[in-house]
Amino acid sequence: MASIDKGAEHASTARRFGAAVYTAAERAGYDLRPGAGGRKALADDVGMSASAVGRMLRGETLPHPAQFERIADAVRIELRDLLVRGGVISAYSANNLPVRVRSHPISPEEAADAWGITDPVIRRFLLATIAQAINLQQENRKEAAG
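Going by the working numbering, the first residue of the sequence shown is number 101, and it counts up by one from there.
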């Protein structure tokens, strides 16, 4: 009986993980619609076969644990966030994982997502403020160089 429960738990985790990767991949710019090429591009970026990525995105299988980090990098999400959202580890367990410094910058939209800013008015204000700050910094650099 316990093995049946473990099998159901694994299937549930696979579905949850697949949904988390699917959402993050779309946010990262992968077009996952059939025939759009996003699944193949994701497969190439994470070093998996296109069929394995398809099974993962459909929630049929979990990838090998060694692939979690490459998947997180490709879909531009912190590894611990992906593992928690995907139901692989608990939020409590994630507190024991080290925080990695991202090797690529995130967009203002990704920052708003990471901070949980969903209110449209507050989000527009935040994004406009970030754009203004970037423009001011560029102007300051031009003045300093010239």
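Glycine included, every Cβ here is placed at the ideal spot set by N, Cα and C.
1. Quick one: what does DSSP say Gly187 is sitting in, helix, strand or coil?
2. Could you give the C-beta distance for Val188 and Val121, rounded to a whole number, given that I count them as a contact under 8 Å?
3. Which residue spans inside the stretch 124 to 186 form an unbroken alpha helix (DSSP H) run of at least 4?
4. Just to check my reading of the structure: Ala194 and Val184 have Cβ atoms closer than 8 Å, yes? What is that Cβ distance to the nearest angstrom?
5. Determine the closest residue to Leu227 out of Ala244, Glu239, Ala245, Ser207, with distance taken between C-alpha atoms.
6. Alpha carbons only, please: which of Glu126, Thr113, Glu178 is nearest the one belonging to Glu169?
7. Does DSSP put Asp213 in a helix, a strand or coil?
8. If you drop the 5 nearest sequence neighbours on each side, which residues of the same chain put their C-beta closer than 8 Å to that of Gln237?
9. On the three-state DSSP scale, how would you describe Ile234?
10. Can you tell me whether Met101 is helix, strand or coil according to DSSP?
11. Taking the C-alpha atoms as reference points, what is the distance between Gly159 and Pro165?
12. Give the straight-line distance between the Cα atoms of Ala150 and Asp181, rounded to the nearest whole angstrom.
13. Taking the alpha carbon of Ala231 as the reference point, which residue from Arg133, Ala143, Ala245, Ala212 has its own alpha carbon closest?
Straight from the coordinates:
1. Reading the sequence shown from its first residue, position 87 is the one you call residue 187. Looking at Gly187 - three-state DSSP - the assignment turns out to be coil, as it is neither helix nor strand.
2. Against the sequence shown, residue 188 aligns to sequence position 88. Against the sequence shown, residue 121 aligns to sequence position 21. About 11 Å separates the two Cβ atoms, so there is no contact after all.
3. As far as the stretch 124 to 186 is concerned, its whole alpha helix (DSSP H) runs of at least 4 residues are 138 to 146, 150 to 157, 168 to 174, 179 to 185.
4. Taking the first residue of the sequence shown as 1, we reach residue 194 at position 94. Taking the first residue of the sequence shown as 1, we reach residue 184 at position 84. With a Cβ gap of about 5 Å, Ala194 and Val184 count as contacting.
5. Within the sequence shown, residue 227 is the residue found at index 127, counting from 1. Cα-wise, what sits closest to Leu227 is Ser207.
6. Against the sequence shown, residue 169 aligns to sequence position 69. Of Glu126, Thr113, Glu178, the residue nearest in Cα terms is Glu178.
7. Locating residue 213 in the sequence shown gives position 113, where the first residue counts as 1. Asp213: helix per DSSP, three-state reduction.
8. Here residue 237 is taken as the residue at index 137 of the sequence shown, counted from 1. No residues qualify anywhere along the chain.
9. The residue labelled residue 234 in the question sits at position 134 within the sequence shown. Reduced to three states, the DSSP call for Ile234 is helix.
10. Taking the sequence shown and counting its residues from 1, one reaches residue 101 at position 1. Legend: pLDDT at Met101 = 42, less than 50; position of this residue unreliable, value from coordinates given subsequently. When secondary structure is reduced to three states using DSSP, Met101 falls in the coil class, being assigned neither helix nor strand.
11. Along the sequence shown, read from residue 1 onward, the residue named residue 159 stands at position 59. Along the sequence shown, read from residue 1 onward, the residue named residue 165 stands at position 65. Those two C-alpha atoms are separated by around 15 Å.
12. Within the sequence shown, numbered from 1, the residue matching residue 150 stands at position 50. Within the sequence shown, numbered from 1, the residue matching residue 181 stands at position 81. Their backbone Cα atoms lie some 24 Å apart in a straight line.
13. Here residue 231 corresponds to residue number 131 of the sequence shown, with the count starting at 1. Taking the Cα of Ala231 as reference, the smallest distance to any Cα among Arg133, Ala143, Ala245, Ala212 is reached at Ala212.
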